[in-house]
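The structure under discussion appears below in the form of structure tokens.
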Amino acid sequence: MNTPKRYLITAALPYANGLKHIGHLAGAYLPADIYVRYLKAQKRDVVFVCGSDEHGTAIPIQATKEGTTAQAIIDKYHPIIEQNFKDLGIAFDIYHRTSDPLHHQTASEFFKDLEAKGDLETKTSQQYFDESAQTFLADRYIKGTCPNCGHNEAYGDQCEKCGKSLSPEELINPLSTLSGNAPIKKETTHWYLPLNRHEDFLREWILKDHASDWRAAVVGQCKSWIEGGLQARAVTRDLDWGVKVPVAGGEGKVLYVWFDAPIGYISATKQWAINNDKDWKPYWNDKDTKLVHFIGKDNIVFHCIIFPIMLKLHGNILPDNVPANEFMNLEGDKMSTSRGWSIEMDDYIKKWIKKDNGGESLADCLRFYLTSISPESKDSEFTWKGFQESVNGELVSIFANFVNRTWVLMHKLTKGKVPPIHPDLLDEEDNALLNTVKETKEKVTALLEQYKFREAQFEVVNLARIGNQYMQKKEPWIVAKQLDTDPTAQAKIDNCMHGCLQLTANLAILINPFLPFTAKKMCHLMKVVDRMLDWENAGQFNLLKVGYSLRPPELLFRKIEDEEIAAELAELKANAEAKKATMENNTITATQEAPEEKGLKPEIVFDDFAKIDLRVGTIIEAKKVEKADKLLELLVDLGFEKRTILSGIAMHFNPEDIIGKQVTIVANLAPRKMRGIESKGMILMAEDAEGKLYFVNPSEAIAPGSGIS
RNA sequence: GGCGAGGUAGCUCAGUUGGUUAGAGCACAGGAUUCAUAACCCUGAGGUCACGAGUUCAAAUCUCGUUCUCGCUACCA
Numbered sequence: 003m004n005t006p007k008r009y010l011i012t013a014a015l016p017y018a019n020g021l022k023h024i025g026h027l028a029g030a031y032l033p034a035d036i037y038v039r040y041l042k043a044q045k046r047d048v049v050f051v052c053g054s055d056e057h058g059t060a061i062p063i064q065a066t067k068e069g070t071t072a073q074a075i076i077d078k079y080h081p082i083i084e085q086n087f088k089d090l091g092i093a094f095d096i097y098h099r100t101s102d103p104l105h106h107q108t109a110s111e112f113f114k115d116l117e118a119k120g121d122l123e124t125k126t127s128q129q130y131f132d133e134s135a136q137t138f139l140a141d142r143y144i145k146g147t148c149p150n151c152g153h154n155e156a157y158g159d160q161c162e163k164c165g166k167s168l169s170p171e172e173l174i175n176p177l178s179t180l181s182g183n184a185p186i187k188k189e190t191t192h193w194y195l196p197l198n199r200h201e202d203f204l205r206e207w208i209l210k211d212h213a214s215d216w217r218a219a220v221v222g223q224c225k226s227w228i229e230g231g232l233q234a235r236a237v238t239r240d241l242d243w244g245v246k247v248p249v250a251g252g253e254g255k256v257l258y259v260w261f262d263a264p265i266g267y268i269s270a271t272k273q274w275a276i277n278n279d280k281d282w283k284p285y286w287n288d289k290d291t292k293l294v295h296f297i298g299k300d301n302i303v304f305h306c307i308i309f310p311i312m313l314k315l316h317g318n319i320l321p322d323n324v325p326a327n328e329f330m331n332l333e334g335d336k337m338s339t340s341r342g343w344s345i346e347m348d349d350y351i352k353k354w355i356k357k358d359n360g361g362e363s364l365a366d367c368l369r370f371y372l373t374s375i376s377p378e379s380k381d382s383e384f385t386w387k388g389f390q391e392s393v394n395g396e397l398v399s400i401f402a403n404f405v406n407r408t409w410v411l412m413h414k415l416t417k418g419k420v421p422p423i424h425p426d427l428l429d430e431e432d433n434a435l436l437n438t439v440k441e442t443k444e445k446v447t448a449l450l451e452q453y454k455f456r457e458a459q460f461e462v463v464n465l466a467r468i469g470n471q472y473m474q475k476k477e478p479w480i481v482a483k484q485l486d487t488d489p490t491a492q493a494k495i496d497n498c499m500h501g502c503l504q505l506t507a508n509l510a511i512l513i514n515p516f517l518p519f520t521a522k523k524m525c526h527l528m529k530v531v532d533r534m535l536d537w538e539n540a541g542q543f544n545l546l547k548v549g550y551s552l553r554p555p556e557l558l559f560r561k562i563e564d565e566e567i568a569a570e571l572a573e574l575k576a577n578a579e580a581k582k583a584t585m586e587n588n589t590i591t592a593t594q595e596a597p598e599e600k601g602l603k604p605e606i607v608f609d610d611f612a613k614i615d616l617r618v619g620t621i622i623e624a625k626k627v628e629k630a631d632k633l634l635e636l637l638v639d640l641g642f643e644k645r646t647i648l649s650g651i652a653m654h655f656n657p658e659d660i661i662g663k664q665v666t667i668v669a670n671l672a673p674r675k676m677r678g679i680e681s682k683g684m685i686l687m688a689e690d691a692e693g694k695l696y697f698v699n700p701s702e703a704i705a706p707g708s709g710i711s
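Numbering (the working numbering), first residue to last: 3 to 711.
Shown next, in the form of structure tokens:
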């Protein structure tokens with residue numbers, strides 16, 4: 003494999019609507035940072051970009067809710083998130099933001115370029131519109147009852163209570179969050195990116211070229227999308243928060259956030275180039291650049307399908323790999339900020355790092371544990387007990403303990419100096435140690451190149467373990483007792499301590515990408531400059547000069563106490579309880595307010611009503627629609643004809659139980675195909691507070707086809 | 001419902017193209033030791049590789065079916 007000329011590494015842009023938790027950290031930022039630190043130690047030309055994603059509908063919505071502005075929200079969270087990353091040692095070369103004019107300009111030009119080349123399509127469709135506010139409603143501007151869990155505050159794109167993703171059409175009693183009124187449907191025109199045009203390219207590029215070097219889950223997810231038939235995807239939205247659509251007809255529209263956000267990687271690179279007096283273009287245009295996106299699995303489709311298509315159309319390079327991580331759960335449940343079941347980076351920093359008994363070493367403790375359970379091939383689980391065991395049992399007992407006993411012995415037995423080597427007394431153990439160091443370097447290097455961070459870190463710790471074994475075999479503290487009787491005793495001690503010291507220097511180099519604060523502290527102990535940490539120095543046994551005096555011992559980490567763990571667990575549970583109580587309160591309030599708030603749809607005139615042809619019908623056949631959970635296919639007798647009507651009531655009724663029932667039919671509703679079957683009409687149903695459905699029918703059976711008015 | 005990923009020791013995970021007795025760390029048990037943050041070191045126990053069938057001289061690995069977990073996605077005119 004030949005070495006790329008330069009690297010561009012991206013980590014998913016965090017959404018600037020709140021704090022980010024350690025699941026995010028473990029998913030994208032930490033592995034990206036490890037990779038970048040490794041590349042930089044290799045002296046490669048690398049730029050590490052990230053920044054806040056500040057557009058989309060969630061942010062203005064939140065602003066309305068909190069009685070503030072969208073700008074205020076992003077101005078609040080952007081610096082906090084940026085600082086959180088710094089405190090945890092995530093060393094971006096640039097942490098930009100998509101609200102920056104440079105980004106607006108970049109995204110704008112990107113869109114114009116694609117538009118001019120004819121790579122986009124326009125389409126007109128019906129969307130919810132708020133008449134009183136005179137504006138189209140993006141998904142998140144519509145609220146209603148969740149069809150899944152009955153939560154009253156579900157958004158048009160997702161229910162925050164049960165987590166189910168929704169479309170505005172699914173909501174029961176949709177309401178505009180702007181005016182509280184029921185929205186109407188209105189025509190609007192948007193630009194679309196026709197993904198379907200690029201199917202052949204994607205098949206070739208992902209399913210063939212990257213079938214073996216990308217992670218299985220990533221290729222699998224892409225395959226699923228490609229095989230499922232790619233659709234044109236809307237690039238613009240009716241909204242006023244975001245990058246304005248820069249072409250005629252785009253008034254009142256902005257770029258859809260999924261289109262604008264990844265371009266943020268490019269604008270961030272531009273800003274970095276400006277700050278550092280460099281040229282950004284080769285990083286996005288030169289084939290010799292290796293582009294790697296670090297993301298969580300929820301982002302696969304954007305980074306593997308959509309953004310690459312955009313990049314290809316725009317003439318940029320494509321990602322070389324997209325090492326997406328699975329999810330990290332917490333104490334037996336999914337992490338979720340809204341449910342209070344998460345550990346925010348900000349909280350961890352305040353509680354562990356910025357405390358009297360904390361400090362930077364506690365940042366490395368978190369980095370260490372997160373990497374050791376990194377969800378590289380399947381979902382993993384963070385537990386506080388696991389955190390404690392990992393830190394105390396491996397980081398402290400194996401790694402730090404080796405360094406500490408080396409330092410203590412060196413001060414006791416070799417006067418605090420690097421002792422000389424006595425070649426005539428070197429034995430197999432000494433040679434084996436040197437070989438192991440070289441082997442470990444090779445292993446760690448190979449693993450890092452393959453994005454296997456968990457295993458790579460394990461190998462480094464294992465090297466420290468081997469150091470402990472080496473010392474145990476040599477027993478310099480025993481040899482020290484024979485100084486009077488054995489004339490070679492001091493030489494034996496010298497050789498052992500020399501080996502342990504050189505091993506420590508190697509450990510510092512190898513652990514540096516994972517635990518940068520620790521590596522730095524080790525340099526301090528060894529009285530060497532950071533340059534010693536260059537990767538090329540690993541595998542060498544002359545890093546510390548003979549006769550050089552080193553600093554007194556100093557502990558690299560402190561242990562994590564049982565009480566601290568218990569306190570965290572208690573707090574986590576209390577947090578979740580509190581959030582749950584708030585949620586339930588909201589639900590109750592919403593239900594109570596319902597009569598006034600969502601009572602009636604806007605008034606209509608008689609003529610509107612008269613357009614609807616209501617008829618009595620009798621169900622004569624009913625069966626479940628295959629491959630659909632909710633649909634029943636009904637044959638309804640309307641007297642003058644028999645019709646096929648589909649109804650989404652399969653969860654409520656058995657087909658055999660409803661045959662013979664009389665129902666009310668909207669007989670002149672435009673036909674609609676669902677699951678390949680055409681439905682000609684609609685059956686009216688009443689729904690009670692629990693969501694139970696009832697047929698609406700005449701009090702006594704009457705002739706099918708009778709009109710209702 | 002469709003698709004994708006996963007189910008291996010109490011826990012967290014490895015297992016390359018099917019090939020002796022299925023590995024590692026933690027936790028556990030026993031031993032040894034004291035330079036070290038009661039740390040280290042040695043030894044040990046612990047598995048019907050989710051379940052069922054099939055292909056094969058040989059299956060954790062390949063095929064089919066079942067089941068559970070996670071993710072994406074479809075259906076409520």
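Every residue, glycine too, gets a C-beta built ideally from N, C-alpha and C.
Original post:
If we ignore side chains and look at the alpha-carbon of each, how far apart do residue 377 and residue 330 end up?
Top reply: Against the first sequence, residue 377 aligns to sequence position 375. Against the first sequence, residue 330 aligns to sequence position 328. Each residue's alpha carbon lies about 6 Å from the other.
**OP:** Taking only the alpha-carbon atoms, compute the straight-line gap between residue 511 and residue 451 and give it to the nearest angstrom.
**Re:** Here residue 511 refers to the residue found at position 509 of the first sequence. Here residue 451 refers to the residue found at position 449 of the first sequence. Cα to Cα, residue 511 sits roughly 16 Å from residue 451.
Original post:
Per DSSP, residue 298 is paired with what?
Top reply: Along the first sequence, read from residue 1 onward, the residue named residue 298 stands at position 296. Residue 298 pairs with 327.
**OP:** Assuming residue 36 and residue 515 form a contact by the criterion Cβ under 8 Å, report the distance between their Cβ atoms to the nearest whole angstrom.
**Re:** On the first sequence, residue 36 is found 34 positions in, with the first residue counted as 1. On the first sequence, residue 515 is found 513 positions in, with the first residue counted as 1. With a Cβ gap of about 5 Å, residue 36 and residue 515 count as contacting.
Subject >> Per DSSP, cross-strand counterpart(s) of residue 2 >> reply: Outside the shown range of the chain, which is 3 to 711, sits residue 2, and nothing can be said about it.
**OP:** Go to residue 33, then tell me how far its alpha helix (DSSP H) extends in each direction, as first and last residue.
**Re:** One-based indexing of the first sequence puts residue 33 at position 31. From DSSP, the alpha helix (DSSP H) with residue 33 extends over 32-43.
Original post:
What did DSSP end up calling residue 589 once you bin it into helix, strand or coil?
Top reply: Position 587 of the first sequence, counted from the start, is the residue given in the question as residue 589. Because the pLDDT of residue 589 is 45, which lies under 50, any placement of that residue in the model is unreliable, and the question is left without a value.
Subject >> Euclidean distance between Cα positions of residue 368 and residue 111 >> reply: Stepping through the first sequence from its first residue, residue 368 is reached at position 366. Stepping through the first sequence from its first residue, residue 111 is reached at position 109. Each residue's Cα considered, the two are about 41 Å apart.
**OP:** Would you mind listing the alpha helix (DSSP H) stretches within the stretch 268-319 that are 4+ residues and don't spill past its ends, in chain order?
**Re:** 283-287 and 309-316
Subject >> Residues bridged to residue 685 (per DSSP) >> reply: Taking the first sequence and counting its residues from 1, one reaches residue 685 at position 683. In the DSSP output, where bridge partners are listed per residue, residue 685 has 667.
**OP:** Please report the residue range of the alpha helix (DSSP H) in which residue 2 lies.
**Re:** Nothing about residue 2 can be reported from this structure: the residues present for the chain run from 3 to 711 only.
Original post:
How would you write the range of the beta strand (DSSP E) that residue 384 sits in, first residue to last?
Top reply: Stepping through the first sequence from its first residue, residue 384 is reached at position 382. Start and end: 382-384.
Original post:
With 16 other CB atoms within 10 Å as the buried threshold, where does residue 520 fall?
Top reply: For the purposes of this step, residue 520 is identified with residue 518 of the first sequence, where counting begins at 1. Buried, by the Cβ-count rule.
Subject >> CB contact flag (residue 545, residue 507, <8 Å) >> reply: Position 543 of the first sequence, counted from the start, is the residue given in the question as residue 545. Position 505 of the first sequence, counted from the start, is the residue given in the question as residue 507. Yes, these two residues count as a Cβ contact at 8 Å.
**OP:** Identify every residue that forms a DSSP beta bridge with residue 196.
**Re:** Against the first sequence, residue 196 aligns to sequence position 194. DSSP output for residue 196 lists 234 as bridge partner(s).
Subject >> C-beta atoms of residue 624 and residue 633 nearer than 8 Å >> reply: Residue 624 sits at position 622 when you count from the first residue of the first sequence. Residue 633 sits at position 631 when you count from the first residue of the first sequence. No; because the gap between Cβ atoms is not below 8 Å, this pair is not in contact.
Original post:
My guess is that residue 1 and residue 615 are in contact by the Cβ rule of under 8 Å, so how many angstroms apart are they, rounded?
Top reply: Limits of the chain in this structure are 3 at one end and 711 at the other, which puts residue 1 out of reach.
**OP:** Buried or exposed for residue 293, please, with buried defined as at least 16 other CB atoms from any protein chain shown within 10 angstroms of its CB.
**Re:** For the purposes of this step, residue 293 is identified with residue 291 of the first sequence, where counting begins at 1. So residue 293 counts as buried.
Original post:
What number of angstroms, rounded off, separates the C-alpha of residue 357 from the C-alpha of residue 345?
Top reply: The count along the first sequence starts at 1 and reaches residue 357 at position 355. The count along the first sequence starts at 1 and reaches residue 345 at position 343. Their Cα atoms are separated by approximately 17 Å.
Original post:
Which residues in the same chain as residue 577 place their Cβ atom closer than 8 Å to its Cβ, once the five residues preceding and following it in sequence are excluded?
Top reply: Numbered from its first residue, the first sequence carries residue 577 at position 575. Correct list, in chain order: 342 and 343.
Subject >> Backbone CA spacing between residue 144 and residue 183 [nearest angstrom] >> reply: Counted from its first residue, the first sequence places residue 144 at position 142. Counted from its first residue, the first sequence places residue 183 at position 181. If you take the alpha carbons of residue 144 and residue 183, they lie about 10 Å apart.
Original post:
Which of the three DSSP states, helix, strand or coil, is assigned to residue 638?
Top reply: Position 636 of the first sequence, counted from the start, is the residue given in the question as residue 638. In this structure, residue 638 counts as strand in the three-state DSSP scheme.
Original post:
Helix or strand or just coil, what does DSSP make of residue 96?
Top reply: Sequence index remark: in the first sequence, residue 96 carries index 94 (1-based). Strand.
Original post:
The beta strand (DSSP E) with residue 48 in it runs from where to where?
Top reply: Residue 48 sits at position 46 when you count from the first residue of the first sequence. 48-54 is the extent of the beta strand (DSSP E) around residue 48.
**OP:** Pick out whichever of 471, 130, 385 and 448 has its Cα sitting closest to the Cα of residue 175.
**Re:** Translated into the one-based positions of the first sequence, residue 175 becomes position 173. That would be 130, whose Cα lies nearest to the Cα of residue 175.
Original post:
CA-CA distance, residue 177 and residue 537?
Top reply: Residue numbering aside, residue 177 sits at position 175 when the first sequence is read from its first letter. Residue numbering aside, residue 537 sits at position 535 when the first sequence is read from its first letter. Going by the C-alpha atoms only, they are around 59 Å apart.
**OP:** Any chance you could list the alpha helix (DSSP H) runs of at least 4 consecutive residues sitting entirely within the stretch 478-516, in chain order?
**Re:** 478-481 and 491-513
**OP:** Check the DSSP bridge columns for residue 621 and list the partner residues they point to.
**Re:** By one-based count along the first sequence, residue 621 stands at place 619. The partner list for residue 621 (beta bridge, DSSP) reads 638.
Subject >> 4 or more residues per run - each alpha helix (DSSP H) lying fully within the stretch 61-129 >> reply: 72-89 and 103-118
Subject >> Separation of residue 509 from residue 435, as counted between CA atoms >> reply: To locate residue 435, count along the first sequence from 1; it is residue 433. To locate residue 509, count along the first sequence from 1; it is residue 507. Roughly 13 Å separates the two Cα atoms.
**OP:** Could you give the DSSP three-state label for residue 2: helix, strand or coil?
**Re:** Since the first and last residues shown for the chain are 3 and 711, residue 2 lies out of range.
Original post:
What three-state label does DSSP hand residue 8 in the structure shown?
Top reply: One-based indexing of the first sequence puts residue 8 at position 6. Of the three classes helix, strand and coil, the one that applies to residue 8 here is strand, per DSSP.
Original post:
Do the CB positions of residue 303 and residue 227 come within less than 8 Å of each other?
Top reply: Taking the first residue of the first sequence as position 1, residue 303 is located at position 301. Taking the first residue of the first sequence as position 1, residue 227 is located at position 225. Yes, the Cβ-Cβ distance between residue 303 and residue 227 is below 8 Å.
Subject >> Integer-rounded CB distance, given that residue 295 should sit under 8 Å from residue 12 >> reply: Here residue 12 is taken as the residue at index 10 of the first sequence, counted from 1. Here residue 295 is taken as the residue at index 293 of the first sequence, counted from 1. The Cβ separation is near 5 Å, so the contact holds.
Original post:
Who are the Cβ neighbours of residue 364 in its own chain at under 6 Å, not counting the five residues just before and after it?
Top reply: Locating residue 364 in the first sequence gives position 362, counting from the first residue. Only 354 and 355 meet the Cβ criterion.
Original post:
Under a Cβ-count criterion, where at least 16 other Cβ atoms within 10 Å of its own Cβ denotes burial, should residue 648 be classed as buried or exposed?
Top reply: In the first sequence, residue 648 corresponds to position 646, counting from 1. It counts as buried.
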